[in-house]
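To get the numbering used here, take the position in the sequence shown, counting from 1, and add 916.
Where is the CB? At the ideal position from N, CA and C, for every residue including glycine.
Computed from a prediction, not measured in an experiment: that's the story for all the values here.
Heads up: the structure comes next, in structure tokens.
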Amino acid sequence: MSIWFQVVLVVVSLGTCGFILQNIRKSRVQINDALFWIFFSLILLVFSIFPKLAEFIAASLGIASAVNFIFLFIIFLLLMNQFQLTVRLSKLDTKFKNLVQVIALNKNEEKDE
């Protein structure tokens, strides 16, 4: 892994962590949602500080280079996050439909009285 790529990873991971912490302080993001991004930035920081770790994992998995492994790992984490958000959205959609039905039934009962 080149030194340039390591520097980029450090800057991106620290920037992401700082941005998330700032949004938590301003109450724009809930802590539960921010945990993924903090974990994500810390993982990038670890791989940038210890490039041999990424090289070892890449070699163990049969991936050609550490950079390819890091990109693959980032894509995997983002896909996992997307799936988690899809599940949460589905649950919220179901709750929303149930709430709308309850409100409609209550309004209908008020009309009948």
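- Taking 8 Å as the upper bound for CB-CB distance, Ala-950 and Ile-940 are in contact here, some 5 Å apart.
- For the pair of segments examined, the segment 984 to 992 was found to touch the segment 966 to 974: the number of CB pairs separated by less than 8 Å reaches three.
- The criterion of a C-beta distance shorter than 8 Å is not satisfied by Val-945 and Ile-959.
- Excluding the 5 residues flanking it on each side, Ile-954 has same chain C-beta neighbours closer than 7 Å at Cys-933, Ile-936, in chain order.
- Rounded to the nearest angstrom, the gap between the Cα atoms of Ile-979 and Arg-1004 is 33 Å.
- Sixteen is the threshold: when 16 or more other Cβ atoms of the shown chains lie within 10 Å of the Cβ of Phe-963, as they do, the residue is buried.
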